[in-house]
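**Q** First residue of the sequence shown: 255, per the numbering used here; consecutive thereafter. Think of the CB as a built atom: it goes at the ideal place given N, C-alpha and C, for glycine as much as any other residue.
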Amino acid sequence: MALFGAHVSSAGSILKTFERAEEVGAEVFQFFLRSPRAWFWKGVSKELVIKFRKKLSEFGNPVMVHAPYLLNLASPREDLRERSVKVFLEELKACDELGVDFYNFHPGTATGISEKEGMKNILRSLEEIFTLYEPKKTTVLLENTAGERGDLGKNFEELSLIIRSFEGVKIGICLDTCHAFAYGYEINTDGGFSRFLKEVEKVGLEKTKAIHANDSKFPLGSRKDRHEHIGEGFIGLKGFENFLRHDYFRDLPYFIETPKAGDMDRVNLERLRKIYSG
Ligand SMILES: [Zn+2]
Numbered sequence: 255m256a257l258f259g260a261h262v263s264s265a266g267s268i269l270k271t272f273e274r275a276e277e278v279g280a281e282v283f284q285f286f287l288r289s290p291r292a293w294f295w296k297g298v299s300k301e302l303v304i305k306f307r308k309k310l311s312e313f314g315n316p317v318m319v320h321a322p323y324l325l326n327l328a329s330p331r332e333d334l335r336e337r338s339v340k341v342f343l344e345e346l347k348a349c350d351e352l353g354v355d356f357y358n359f360h361p362g363t364a365t366g367i368s369e370k371e372g373m374k375n376i377l378r379s380l381e382e383i384f385t386l387y388e389p390k391k392t393t394v395l396l397e398n399t400a401g402e403r404g405d406l407g408k409n410f411e412e413l414s415l416i417i418r419s420f421e422g423v424k425i426g427i428c429l430d431t432c433h434a435f436a437y438g439y440e441i442n443t444d445g446g447f448s449r450f451l452k453e454v455e456k457v458g459l460e461k462t463k464a465i466h467a468n469d470s471k472f473p474l475g476s477r478k479d480r481h482e483h484i485g486e487g488f489i490g491l492k493g494f495e496n497f498l499r500h501d502y503f504r505d506l507p508y509f510i511e512t513p514k515a516g517d518m519d520r521v522n523l524e525r526l527r528k529i530y531s532g
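#1: Leaving aside the five residues before and after S289 along the sequence, list all residues of the same chain whose C-beta is less than 6 angstroms from its C-beta, in chain order.
#2: Let's test the definition: count the other Cβ atoms within 10 Å of the Cβ of D479 and tell me whether it reaches 16, buried, or not, exposed.
#3: Look up H466 in the DSSP assignment and give the residues it is bridged to.
#4: Tell me, which residues are paired with H481 by DSSP?
#5: Rounded to whole angstroms, what's the CA-CA distance from F420 to T385? Just pull it up for me.
#6: Give me, in chain order, the residues of the same chain whose beta-carbon lies closer than 6 angstroms to that of I529; leave out the 5 immediate sequence neighbours on both sides.
#7: Where do the N-terminal and C-terminal ends of the alpha helix (DSSP H) with E381 fall, by residue?
#8: Report all residues from its chain with a CB closer than 8 angstroms to the CB of R291; omit the five preceding and five following residues, and keep chain order.
#9: Please list, following the chain, all residues that have a C-beta closer than 6 angstroms to any non-hydrogen atom of ligand 3.
#10: To which residues of the same chain is L334 closer than 8 angstroms at the C-beta, ignoring the five residues directly before and after it?
#11: Taking all protein chains shown into account, do 16 or more other C-beta atoms lie within 10 angstroms of the C-beta of F509, making it buried, or fewer, making it exposed?
#12: Grab the span of the beta strand (DSSP E) containing Y357 for me, first residue to last.
#13: Going by beta-carbon coordinates alone, are I268 and F306 separated by less than 9 angstroms?
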């Protein structure tokens, strides 16, 4: 059965995420462990872990942490790459302690280097991470990107290269519909969606563990990562129908990351549920 939820603010405390999820009728939710644009983090105390786990067990459904935007495992600057590895490790350990199901991150950006070198840096960084720490509860999810300005993990060749390098580790894909479409996957037509499925098969359908359900403010292949309300962008309802009527994808957890405006989270979730049950 599909579960529908949203990205919610963790401002003040990660304990507040549960009530914020409930406010919009979210059955699953995603949040940041720290301010997404700050390197500094005080970590999670033992007391916070206990309180969070209690709330999580009452909640009963999967939750996802989104890694900070500053993180770049592909960086050619060794200091930045090392700092990214450190942050990733800190957060992955915290997710495991908190009982978080998924840790989602953007694989990395090749800035001033070739994509090939960028990919090598990502593999090296993840190798360092998983050598030092193998998650027990949390599954690490690579989020596909729109391929904007050197963003890697934009297609299934790149995603499968990473995933195949870490067999035995809890690693999978979080598929962002806006990013896939902006990169050039025509997920909103029948023909386009079946071509897309053939691409997904390069990694294996079952590697996709969650969906970021977002419409797109920009057209197919624009490589621009700007999210729009469900059904109001260039993807349109048909794109979401394709996912929600597909044997495998229809049973995954869906997280919206659409613009926060009034009651729109609730409205967007209702749109997805309507397609699902329609
Ligand atoms: Zn996303």
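**A** Quick answer:
#1: Within the sequence shown, residue 289 is the residue found at index 35, counting from 1. If we look at S289 and ignore the five residues flanking it on each side, it has no Cβ neighbours.
#2: For the purposes of this step, residue 479 is taken as the residue at position 225 of the sequence shown. Per the 10 Å Cβ criterion, buried.
#3: Translated into the one-based positions of the sequence shown, residue 466 becomes position 212. Paired residue(s): D430, F509.
#4: Numbered from its first residue, the sequence shown carries residue 481 at position 227. Its beta-bridge partners are S470.
#5: The residue labelled residue 420 in the question sits at position 166 within the sequence shown. The residue labelled residue 385 in the question sits at position 131 within the sequence shown. If you draw a straight line from the Cα of F420 to the Cα of T385, it comes to about 11 angstroms.
#6: Reading the sequence shown from its first residue, position 275 is the one you call residue 529. Here the set comprises F494, E495, L498.
#7: Along the sequence shown, one-based indexing puts residue 381 at 127. Note, E381: alpha helix (DSSP H), 369-386.
#8: Counting from 1 along the sequence shown, the entry for residue 291 is found at position 37. By the criterion of a C-beta distance shorter than 8 angstroms, R291 is surrounded in its chain by P322, Y323, L324, once the five residues flanking it on both sides are discounted.
#9: Looking for ligand 3 in the displayed structure turns up nothing; the ligands present are ligand 1.
#10: Counted from its first residue, the sequence shown places residue 334 at position 80. Answer for L334: N326, listed in chain order.
#11: Along the sequence shown, one-based indexing puts residue 509 at 255. It is buried - the Cβ of F509 has at least 16 other Cβ atoms within 10 Å.
#12: As a position in the sequence shown, residue 357 is number 103, starting the count at 1. First-last of the beta strand (DSSP E) with Y357: 356-359.
#13: Locating residue 268 in the sequence shown gives position 14, counting from the first residue. Locating residue 306 in the sequence shown gives position 52, counting from the first residue. Against a cut-off of 9 angstroms, the Cβ pair of F306 and I268 comes out as a contact.
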